[in-house]
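Numbering (my numbering), first residue to last: 526 to 997.
Ideal Cβ positions, reconstructed from N, Cα and C, are used throughout, including at glycine.
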Amino acid sequence: MKSLSRRTRVLLVAAVLLVVIPAAVLGGLYYEFMSRFYPKVSIPAMPAPANRAEANRQDLEVLALLPRYDKSFSLEAADRFGMERQKVVARAAELTPAQMEMEISRLVAIADNGHTTAGRRLRRIERVPIRLAWFAEGLYVVRAAEPQANLLSNRVTSINGKTPEELVAAFAPYLGGPIEHAKATMLVFFVSPTVFAGVWPAMQADRLTFEVVSPAGAKDTISLTSTAPDPEKAYSFPPRDIAPQPIKTEAGSWVSVLSGRNELPLTLRDADASLYTMPLEGNGLYVHILSNSDDERGPLDDQLAKLSATLAPGSLRYAILDMRGNGGGDYTKSLAFTKALPKAVAPDGKLFILTDNGTFSAALVTVARAKYFGGDRSVVLGERVGDRERFWAEAGDPLVLPNSKIRVFFATGYHDWHDGCGWKDRGRCFWINWVFDVPGGDLAPKQPMTWKFADYREGRDTLLEDALKRAK
526 MKSLSRRTRV LLVAAVLLVV IPAAVLGGLY YEFMSRFYPK VSIPAMPAPA
576 NRAEANRQDL EVLALLPRYD KSFSLEAADR FGMERQKVVA RAAELTPAQM
626 EMEISRLVAI ADNGHTTAGR RLRRIERVPI RLAWFAEGLY VVRAAEPQAN
676 LLSNRVTSIN GKTPEELVAA FAPYLGGPIE HAKATMLVFF VSPTVFAGVW
726 PAMQADRLTF EVVSPAGAKD TISLTSTAPD PEKAYSFPPR DIAPQPIKTE
776 AGSWVSVLSG RNELPLTLRD ADASLYTMPL EGNGLYVHIL SNSDDERGPL
826 DDQLAKLSAT LAPGSLRYAI LDMRGNGGGD YTKSLAFTKA LPKAVAPDGK
876 LFILTDNGTF SAALVTVARA KYFGGDRSVV LGERVGDRER FWAEAGDPLV
926 LPNSKIRVFF ATGYHDWHDG CGWKDRGRCF WINWVFDVPG GDLAPKQPMT
976 WKFADYREGR DTLLEDALKR AK
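Below, the structure is given as structure tokens:
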């Protein structure tokens, strides 16, 4: 067989290098990306604990790894975390499961980052059979098991002798991030004797006492017993409680303030779908993205793409993008839509963006991008979003504490949706943001507004009605 010529050999080597070198570079970048933002957690093997004290100490030993993986800790916060953890270790023998639950939450919250959290707590903490929600007038019972239906529409003035305002201050240190995120999240705390007993050990771990005021003004005191959760169920978050449709994880029959009402506010009409849309009078469009995730109707980005395909540039006099109650998901699902919707609004039109304290993570990103691409036509209405414009997110598998099984979620990638990631952030910014982030600026509404319970009870939406008035 005739040997290859020197020129041919050189060309073959060059061709191989053209394939191998880019592949090696891409492989290296992929490895760096995954190891930086989605690291594999390594937890040392431990013997079976002999007693509760040893079990608690083992969990706290594993928790000590958190600042190694979580990048949101400042040096000062990491030092404080270490000192506070040692104090808890010294008390390990006396801590009940409820106290451990809350001490872990408090330690994790020292990072002061909403995505750094003790997760899946609804699978661990007991709750009484009512659900609460914030409104402009205060804290109200919006959902209840059938035997407690008489409590619906009652305003809660105290729980175990503490006012809602006192509870906000008391529970805030157990939830990282700004107070808006804490206030939206701690609604699950308000109905959990586990939480109260974890913070105040003298309180009962299986019941709560509520002082309430009925719509007619009558005062009453009610004691409710809790039930244990199913650790295998994925429970819904508080924003879902205000919609009257049945919730899959509810045991028995539950009722809502709005049960039996034929006409529901648009934001509550399809409570378990990621996307709901409705044409509006005067050449407008209502779009509610309830979750930045796929659902039974298919990938969210495909659903949004189909909607965008029906919108000609400048064809809308106004649009309302409702991001209330959206706790996040994957922000890339709404990337294209955050450009397409503003493009569909006429140059002299308006893009109203509705937010509340539950607007978090990928939902915040969607708000920032829609506001940016809408430019002067964008108007943010409602409450402040549930996180700062600058935050840490992204993570690999959580730290799972070996005995309590508490999952501690950490954050590895920096986001700046106020100014966008700059050169100064090159060592910490989530790489994908270099392509997609925008300087969204301050996301706080210029005129804050909260849903009024008087409106909600009548099936009206305070915020949506305000947006519609502005659109005229």
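Open item on the list: Please give me, in chain order, every unbroken run of the beta strand (DSSP E) with length at least 3 that falls completely inside the stretch 863–923.
Closed with: 870–880, 903–907 and 915–918
TODO: Measure from the alpha carbon of W659 to the alpha carbon of each residue in W942, S799 and F715, then state which is nearest.
DONE: F715
Task: Own chain residues within Cβ distance below 7 Å of E628, not counting five before or after - done: V613 and L620
Open item on the list: Beta-carbon within less than 7 Å of M730's beta-carbon, same chain only, minus the 5 sequence neighbours each way: which residues are those?
Closed with: The sequence given here has Ala at residue 730, not Met. For A730, where only same-chain residues beyond five positions count, the Cβ hits under 7 Å are A623, P718, T719 and A722.
Open item on the list: For the pair the stretch 967–975 and the stretch 670–690, tell me if three or more CB-CB distances fall below 8 Å.
Closed with: no
Open item on the list: Need the endpoints of the alpha helix (DSSP H) that R475 sits in, please.
Closed with: With the chain covering 526 to 997 only, the question about residue 475 has no answer from this structure.
- [ ] Kindly list the residues whose CB is nearer than 6 Å to the CB of L989, restricted to its own chain and excluding five residues on each side of it in sequence; keep chain order.
- [x] none
- [ ] Report buried or exposed for G947, applying the criterion of at least 16 other Cβ atoms within 10 angstroms of its Cβ.
- [x] exposed
- [ ] Taking all protein chains shown into account, decide if T792 is buried (16 or more other Cβ within 10 angstroms of its Cβ) or exposed.
- [x] buried
TODO: Could you work out which residue in V960, G984, D991 and F961 is closest to M974 when comparing CA atoms only?
DONE: D991
TODO: Apply the 10 Å Cβ neighbour rule to E821 and answer buried if 16 or more other Cβ atoms are within range, or exposed otherwise.
DONE: exposed
TODO: Ignore the nearest five residues each way along the sequence and tell me which others in K527's own chain have a CB closer than 6 Å to its CB.
DONE: Interpretation of K527 is limited by its pLDDT of 48, a score under 50 that renders its predicted location unreliable; no figure is taken from the coordinates.
Open item on the list: Is it buried or exposed, Q611, if we count other Cβ atoms within 10 angstroms and call 16 or more buried?
Closed with: exposed
- [ ] Give the secondary structure of N817 by DSSP, where H, G and I count as helix, E and B as strand, and everything else as coil.
- [x] strand
Task: Status (buried if at least 16 other CB within 10 Å, exposed otherwise) for G472 - done: What the structure shows of the chain is the stretch from 526 to 997, and residue 472 is not part of that stretch, so it cannot be assessed.
Open item on the list: Less than 7 Å between C-beta atoms, sequence neighbours within five positions excluded: which residues of the same chain meet that for A636?
Closed with: D595, S597, F598, A602 and G701
TODO: Could you please give me the residues that DSSP links to K744 through a beta bridge?
DONE: V738
Open item on the list: Output needed for T891: all residues of its chain with C-beta closer than 7 Å, excluding positions within five of it in sequence on either side, in chain order.
Closed with: I814, N817, M848, Y856, S859 and T863
Open item on the list: With a threshold of 7 Å on Cβ separation, who are the neighbours of D944 within its own chain once the five nearest residues in sequence on each side are excluded?
Closed with: P964
Open item on the list: Tell me which residues share the same chain as P1000 and place their Cβ nearer than 8 Å to its Cβ, disregarding the 5 neighbours each side in the sequence.
Closed with: The requested residue 1000 is not part of the displayed model; the chain covers only 526 to 997.
- [ ] Taking only the alpha-carbon atoms, compute the straight-line gap between F877 and S903 and give it to the nearest angstrom.
- [x] 6 Å
TODO: Take P1065 as the anchor and find which of E579, A580, G607 and Q583 has the nearest alpha-carbon.
DONE: In the structure displayed, the chain extends from 526 to 997; residue 1065 sits before or after that span and is not available.
Open item on the list: Do I650 and V713 count as a contact pair if the criterion is CB distance below 9 Å?
Closed with: yes
Task: Check whether T734 and S748 have beta carbons under 9 Å apart - done: yes
Task: Whole-angstrom C-beta distance between D912 and P703, which should lie under 8 Å - done: 6 Å
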